[in-house]
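Peer 1:
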Amino acid sequence: MTVNRFQIIMSYIYFTDNCSMDHKNNDRFTLINSFLDSIKAIFSSEIDTVKFQLFDEMMIPFKGHRYIKLKMILKK
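When we follow full-length UniProt numbering, the leftmost residue of the sequence shown carries the number 1, and every step to the right adds one.
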């Protein structure tokens, strides 16, 4: 998708009315708060939560970098 087409599509998408919005709020998500609230309500009604949930290390593999380099201080 080209940049121009993306900008045209984004110019037609609105989640809230800018006139009724509080401009003093410094929240980064002020434009999509109503959309996020409705999505959160839908997801919370569909998910059956239990009191305890367990995630094992093998279920979610680590794909990052190690930031701490381990060195052998005492070499034998």
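Every residue gets a Cβ at the ideal spot worked out from N, C-alpha and C, and that includes glycine. Computed from a predicted model, the values in this text were never measured in an experiment.
When the Cα of Phe35 is compared with those of Phe15, Asn4, Gln53, which residue comes out closest?
Peer 2: Cα-wise, what sits closest to Phe35 is Phe15.
Peer 1: When the Cα atoms are used, what is the spatial distance from Gln53 to Phe43?
Peer 2: Cα-Cα distance, rounded: 17 Å.
Peer 1: Taking the C-alpha atoms as reference points, what is the distance between Gly64 and Asp56?
Peer 2: Answer to the nearest angstrom: the Cα atoms are 17 Å apart.
Peer 1: How is the alpha helix (DSSP H) around Asp17 delimited, first residue to last?
Peer 2: That residue, Asp17, is in no alpha helix (DSSP H); it is neither H nor E in DSSP.
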